Amino acid sequence: MRAGASGVEPEDEQAPLISTRFLMIVTVSVLLLAAGSIAISWFGRAYGERLSLAGHTEDISNVEITIGRDQLSLPANAIRFEQQRVGGNAERVDLYLLWPELTGYSSAERRRFDDLSLAHSLIFLQMSQSTMSRDMSGRVEPIYRHLLMPGTKPGPAGLTIHTFRNATGYEGESLLTGTLPDGAPYAIRCMLPEAPESAGSSDCQRDIHVAEDLTVLYRFSSRLLADWQAIDGAVHAYVKSRSRAVSAPVTLKNPLKASTDRSS
């Protein structure tokens, strides 16, 4: 039977205005948009946190690293370069530590790691397998003594300042010597600024032999020279407490190239 003049069938009058299929499409689209928003928010937050760390980490779990005959157990947040935090065999490892705490990076101390004006509160360590029989103190008499100008002058905290002659490869540097509490000789090379406030974050460097066969090159600001005895003792103790001997030496080329720091 036909409808009235309007020409609308009774079945058409009872049909829903929005189909079930359309509702399903809209619902799925809304869910996908919501999931996408959550994913973007999470990724953005995670990426932002990673970006804000700028290569640092707050992870205090130990990383096991083998260098030659020494096995090192080092907190991840003390290892300076991200690519060295993987553990295993390595040619060297670089650390940065707060002084005097000797702790690694944390968000609470972020400024001391990132603000150049506070960089004097950091000590930088580079540990590698020994390649020389003498450390810096042992090289004073056979090597450095022949490269120094006559005369000395007093330095900070009982140290004596010697100046290198020109054309020796150490122009602009001074050799500071002293005696450690146990009577052992002490030597450190520094690029001393004219004004103490102009000191760099690592303008003094010294290398020592520690553990089985490690050379530890450590650097700090000349503003910390008053603490030279405490720093030397602390570095020795820090490395010794985190190292143990391994049964056989391991030699491996690390993809991170050798340091470009000033030569010995």
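So the number in the numbering used here is just where the residue sits in the sequence shown, counting from 1, plus 78. Glycine residues also receive a C-beta, built at the ideal position from the N, C-alpha and C atoms. Just so we're clear, the structure is a prediction, and the values are computed from it rather than from any experiment.
Annotated as distal: T255 and L225, with beta-carbon spacing of 7 Å or more.
Taking the C-beta atoms as reference points, D148 is found nearer than 7 Å to E290. At the C-beta level, N155 and E136 come within 7 Å of one another. The residue among P263, Y264 and R301 with its C-alpha nearest the C-alpha of A273 is R301.
Taken in chain order, the whole beta strand (DSSP E) runs of length 3 or more contained in the region 238 to 301 are 238 to 241, 252 to 257, 263 to 268, 282 to 288 and 292 to 298. Rounded to whole angstroms, the gap between the alpha carbons of R190 and I239 is 29 Å. Straight-line spacing of the CA atoms in Q307 and D213 works out to 16 Å. In the structure shown, P178 falls within a coil segment according to DSSP collapsed to helix, strand and coil. Look at the region 153 to 199 and you find these whole runs of beta strand (DSSP E), each 3 residues long or longer: 170 to 176.
The three-state reading of DSSP puts T209 in coil, since its state is none of H, G, I, E or B. Look at S319 here: in three-state DSSP terms it is helix.
Under DSSP, V141 takes part in a beta bridge, and its partners are L152. Of the residues P228, Q204, I145 and R163, the one whose Cα lies closest to the Cα of I138 is R163.
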